[in-house]
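**Student:** Chains as they are written, first to last, in my numbering: chain W, 1 to 271; chain L, 272 to 439. We put the CB at the ideal spot given by N, CA and C, even for glycine. Quick one: this structure, given as structure tokens, is what I'll be asking you about.
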């Protein structure tokens with residue numbers, strides 16, 4: 001009864017590679033792909049305790065705080081941070097970015113945040129209560145969607161929509177544009193209305209998704225993207241090759257050897 | 272929802288990869304295709320598409336994706352809404368599960384033991400050649416080989432009981 005299926009064993013040894021078909025790794029990749037890695041930071045626990053205390057202490061103080069509209073600030077220092085807001089919206093902040101909002105307002109359906117830097121939003125769907133994001137110059141209004149807003153350049157605001165529909169306008173004006181899936185628009189500091197940028201770049205949000213996507217891109221294009229992401233200079237021995245597909249933004253050395261093997265080229269790294 | 276999917280990973284990821292390897296003859300492509308199918312499944316479940324038999328559904332998704340990948344399309348794609356080709360698929364599922372278990376068994380072998388086993392079984396090297404290559408004694412090679420087969424047989428036994436209980 002304890003016989004080995006020889007056919008199956010022959011098949012397995014033919015293809016066996018150490019470290020391949022790793023289920024845990026696959027789950028990790030999967031989580032990145034679906035963009036779900038919300039972490040509740042200690043600050044939230046603090047808010048939660050504060051909130052439950054408020055209920056105990058009574059309405060009067062709650063009212064007092066509501067009137068004062070204390071702002072909760074979530075910030076990232078040198079790392080990428082992911083937070084879950086009280087309305088279940090998930091935001092990922094790039095390094096040196098922050099958002100602030102009124103916790104009580106948020107709980108009561110006033111979904112509005114101020115933000116600085118660069119952030120990726122996965123807004124909880126709620127038709128009744130639109131979600132407003134105010135940057136230094138921009139205003140984005142959404143009903144429930146995934147998008148990225150980048151003001152890290154300082155003099156412009158760049159919104160990339162992953163899915164759904166958003167309104168993107170200037171902070172102080174009524175006019176704006178509606179963005180749908182995959183569109184990116186840019187608002188300069190002196191513009192009254194954002195300009196839609198036709199962007200072929202599918203990798204604006206790699207820093208969150210950790211996955212590069214290419215569709216028949218030249219190797220030069222691919223290496224430019226990788227150089228930007230890993231802060232290195234890369235060049236290829238053969239520039240005629242093209243790349244389609246997805247791969248995880250893991251260890252640079254792994255990515256390079258994968259590309260080298262796949263395309264049969266040499267890639268040189270200069271730091 | 273996400274936890275459910277992660278459970279599916281633990282149950283079917285490896286067997287599905289093995290199944291895809293059989294159709295694509297490549298480990299990396301197979302991994303990509305299977306991942307893609309899991310993501311699609313997740314999206315469908317999120318869109319409230321009702322899926323009765325998730326396991327068969329996954330196997331068919333992988334099968335269709337592999338055919339697309341090969342662009343051979345000699346065989347008609349199976350309509351996912353009309354699952355009724357169980358027999359052929361059952362065979363493949365069983366084989367994939369057995370092979371996946373053997374893969375896991377090889378994974379769990381100590382490094383040296385695995386190396387010797389693969390040299391012998393995969394590369395077809397004689398014991399004497401392995402002795403020369405690794406600079407170890409023939410006794411060690413024999414011991415490691417019998418250890419490897421013992422582990423693999425242990426896994427084969429697991430699978431036997433698994434199938435038993437499955438069809439009980």
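Put residue 217(W) into one of helix, strand or coil per three-state DSSP.
**Tutor:** In the structure shown, residue 217(W) sits in a strand (DSSP, three-state: E or B).
**Student:** Please tell me whether residue 126(W) has its Cβ less than 8 Å away from any Cβ of chain L.
**Tutor:** No, because no Cβ of chain L sits closer than 8 Å to the Cβ of residue 126(W).
**Student:** Could you tell me which residues DSSP pairs with residue 134(W) in its beta bridges?
**Tutor:** Beta-bridge pairing links residue 134(W) to 114(W) and 139(W).
**Student:** Under 8 Å: do the region 288-306 of chain L and the region 8-17 of chain W share three or more Cβ pairs, one atom per stretch?
**Tutor:** Segments in contact, yes.
**Student:** With a cut-off of 8 Å, does the C-beta of residue 303(L) fall near any C-beta of chain W?
**Tutor:** Yes - at least one Cβ of chain W is within 8 Å of the one on residue 303(L).
**Student:** Residue range of the beta strand (DSSP E) that residue 156(W) falls in?
**Tutor:** First-last of the beta strand (DSSP E) with residue 156(W): 156-163.
**Student:** Distance check for residue 337(L) and residue 145(W), CA to CA, integer angstroms please.
**Tutor:** Whole-angstrom Cα-Cα distance: 32 Å.
**Student:** Please name the residue or residues paired with residue 225(W) in a DSSP beta bridge.
**Tutor:** Its beta-bridge partners do not exist; DSSP assigns none.
**Student:** Hey, could you find the ends of the beta strand (DSSP E) residue 248(W) is sitting in?
**Tutor:** Residues 242-248.
**Student:** Does residue 245(W) come within less than 8 Å of chain L when only Cβ atoms are used?
**Tutor:** Cβ-Cβ to chain L under 8 Å: yes for residue 245(W).
**Student:** Go ahead and label residue 40(W) buried or exposed: buried means 16 or more other beta carbons lie within 10 angstroms of its beta carbon, across all protein chains shown.
**Tutor:** Legend: pLDDT at residue 40(W) = 37, less than 50; position of this residue unreliable, value from coordinates given subsequently. It counts as exposed.
**Student:** Which of helix, strand or coil does DSSP assign to residue 187(W)?
**Tutor:** Here residue 187(W) sits in strand by DSSP.
**Student:** Which residues does DSSP list as the beta-bridge partners of residue 176(W)?
**Tutor:** In DSSP, residue 176(W) forms a bridge with 169(W).
**Student:** Name the one or two DSSP bridge partners that residue 148(W) has.
**Tutor:** In the DSSP output, where bridge partners are listed per residue, residue 148(W) has 120(W) and 160(W).
**Student:** Closest to residue 389(L) by C-alpha separation, out of 417(L), 408(L) and 369(L), would be which residue?
**Tutor:** Nearest option by C-alpha distance: 417(L).
**Student:** Strictly below 7 Å CB to CB, what residues from chain W border residue 318(L)?
**Tutor:** Those do not exist, as residue 318(L) stays about 12 Å from chain W at its closest Cβ, beyond 7 Å.
**Student:** Run the CB neighbour count on residue 24(W), radius 10 Å, all protein chains shown included, and call it buried at 16 or more, exposed below.
**Tutor:** It is exposed - the Cβ of residue 24(W) has fewer than 16 other Cβ atoms within 10 Å.
**Student:** Just verifying my parser: in three-state terms, what is the DSSP assignment at residue 328(L)?
**Tutor:** In this structure, residue 328(L) counts as helix in the three-state DSSP scheme.
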